[in-house]
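Engineer: First, the structure itself, so that you have it in front of you.
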Amino acid sequence: MSLQFFGWEVTYDDDSPRRELGASQEPRDRGIYTMYHGTTVASARLILANGFQQSTKGMLGKGVYVSRDRKKAERYPLHINPSDRVVFKLQVRVGRVKRIDKDNHPMQYTWSTQGYDTAWVPPNCGMKAVPSGLEEDCVFDPTRIKVVDIAKAPNVELEQLKQLLANSLRNPSVAVDSGAAAADCSLCNRKLHQNSPHVKQMCWGCGQNICTLMTKHFCSVRI
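Position in the sequence shown (first residue = 1) + 590 = the working numbering.
Listed below in structure tokens is the structure:
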């Protein structure tokens with residue numbers, strides 16, 4: 591008996607991962623969303639000067655934590671004087687999105703190593719780490735995030751922060767919106783992340799170089 595081809599074709603566990611994002615509540619791949627990020631006055635100045643940095647830990651692992659719910663962002667940082675809080679309005683290119691909707695989800699901390707750019711915790715999903723029930727997102731690559739406005743800040747700081755934002759937007763070298771998207775993998779055409787290398791190897795049938803994140807690979811070698 592001969593086998594006409596071998597290889598694979600991916601069926602994702604989320605809904606149509608290649609559809610364009612709409613205006614629905616659930617984020618879809620490759621969309622651009624308005625989101626919010628809460629921080630302190632001091633950290634806000636650093637972000638406007640140098641861009642966002644990944645959090646090294648959190649309920650979804652490494653990344654920048656944001657939300658489309660402004661009320662969620664206004665709660666952060668926790669356990670500080672509310673007068674020290676700043677909320678950024680953002681424009682976020684979410685890329686490929688993974689839904690994390692339960693405690694101990696098998697990809698809760700590893701989604702970024704599986705070809706996803708953003709993890710999304712839906713509202714009222716019952717996760718213990720989100721007692722507020724408000725939606726939350728974690729974006730692995732900070733260059734996907736652009737600060738577009740100061741949504742909230744102490745009155746005495748607001749004007750200065752708006753000026754810092756205006757300066758950063760005029761200066762394309764400032765990392766607040768570097769626009770420098772990560773390089774694409776030449777095989778699967780997905781984004782390459784510094785801390786998440788793609789596994790590449792030779793197909794044992796046809797000898798073609800393949801990436802394990804390719805959506806499909808077929809070869810017509812007879813065996």
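The beta carbon of each residue, even a glycine, is placed where N, CA and C say it ideally should be.
(1) Does the separation of the CB atoms of L755 and L636 fall below 8 Å?
(2) Quick check: the Cα distance between K718 and W710, rounded to an integer number of angstroms?
(3) Which residues in the same chain as Y706 place their Cβ atom closer than 6 Å to its Cβ, once the five residues preceding and following it in sequence are excluded?
(4) Anyone know if the C-beta pair for G653 and V729 falls short of 8 Å?
(5) So is A632 buried or exposed if we call it buried at 16+ other beta carbons inside 10 Å?
(6) To the nearest angstrom, how far is the alpha carbon of D674 from that of P744?
(7) Since R658 is in the beta strand (DSSP E), which residue starts that stretch and which ends it?
(8) In terms of alpha-carbon separation, which member of L650, V720, A663, W794 lies closest to P696?
(9) Starting from the C-beta of Y666, find all residues in its chain whose C-beta is less than 6 Å away, skip the five residues before and the five after it, and write them out in chain order.
(10) Using the beta-carbon count (16 or more within 10 Å), is I670 buried or exposed?
(11) In the DSSP assignment, the beta strand (DSSP E) including N799 goes from what residue to what residue?
(12) With DSSP run on the structure shown, which of helix, strand or coil describes A634?
(13) Report the partner residues of V720 according to the DSSP bridge assignment.
(14) Beta carbon of I740, beta carbon of F678: below 8 Å?
(15) Looking at the strands, I want to know which residues DSSP matches up with R689.
(16) With the cut-off set at 8 Å, would you say M625 and V656 are in Cβ contact?
(17) Excluding five sequence neighbours on each side, which residues of the same chain lie with their C-beta closer than 6 Å to the C-beta of C801?
(18) In terms of residue numbering, what span does the alpha helix (DSSP H) encompassing L751 cover?
(19) Would you kindly report the start and end of the unbroken beta strand (DSSP E) that includes D727?
Structural biologist: With the given structure in hand:
(1) no
(2) 15 Å
(3) R686, K688
(4) yes
(5) exposed
(6) 7 Å
(7) Note, R658: premise wrong, no beta strand (DSSP E); not H, not E.
(8) L650
(9) G628
(10) exposed
(11) 799 to 801
(12) helix
(13) For V720, which the question treats as bridged, DSSP gives no partner whatsoever.
(14) yes
(15) W710
(16) yes
(17) C775, L777, C778, H788, K790
(18) 745 to 760
(19) 726 to 729
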